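Residue numbers (our numbering): 61 to 176.
What follows is a single structure, written as C-alpha cells, with notes after it.
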Ligand SMILES: [Cu+2]
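What follows is the structure, given as C-alpha cells:
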C-alpha cells in the first residue's frame, strides 16, 4: 500500500512539491483523453486525499455513483477542463464508485478508503 502511494505521488510533480504539508495527496488519478481514469482503483487511508488531474483537452467530471450507476450526491467535481484538477478528502471509510458524467459507463473508478 505504502509503495503504491509513493508511486502515484511521484507521477504528480505539482502535488509532490507539497508533500510536506498536510494537504499532500495520498493518491493521484489521471483523467485521460481516451476516457479512462488511470488507475481506475486507488486505496487511501481514512482522511486521505485524492487528486484527479485532467491530462488533455477533453472535459471530464468526477461524480459519485451507486451500484445502479445513479449519482449519489456524495461528491461531484463539476466539469474539469483540460489540464485542470479536482481534489477531495475522504473522512469516512468505504468504497466510493464514481464516473464521468460526460463519458458515462465506460469511464468508471473507485476510491477505497481505509481498505488497507
Ligand atoms: Cu470523461
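Built from N, CA and C at the ideal position, the CB exists for glycine as well.
Every value quoted in this text rests on a predicted model; they were computed, and no experiment measured them.
Own chain residues within Cβ distance below 6 Å of residue i, not counting five before or after
i	result
residue 90	98, 113, 115
residue 160	120, 121, 167
residue 135	124, 148
residue 153	106, 173, 174
residue 163	95
Beta carbon of residue i nearer than 8 Å to that of residue j
i	j	result
residue 168	residue 100	yes
residue 122	residue 106	no
residue 118	residue 144	no
residue 149	residue 170	no
residue 109	residue 94	no
residue 155	residue 137	no
residue 174	residue 129	no
residue 147	residue 102	no
7 Å Cβ shell around residue i - same chain, five flanking residues per side excluded
i	result
residue 132	124, 125, 126
residue 92	98, 115, 116
residue 104	86, 87, 110, 150, 171, 173
Near ligand 1: residue i beta-carbon under 7 Å from a heavy atom
i	result
residue 124	no
residue 95	yes
residue 113	no
residue 104	no
Neighbourhood of residue i by C-beta, 8 Å cutoff - its chain only, sequence neighbours within 5 removed
i	result
residue 67	Reliability of the predicted coordinates at residue 67 is poor, the pLDDT of 40 falling under 50, and the value obtained from them is presented with this limitation in mind. Cβ neighbours of residue 67 beyond the five flanking positions: none.
residue 151	106, 107
Bridge partners - residue i, DSSP secondary structure assignment
i	result
residue 109	149
residue 91	97, 114
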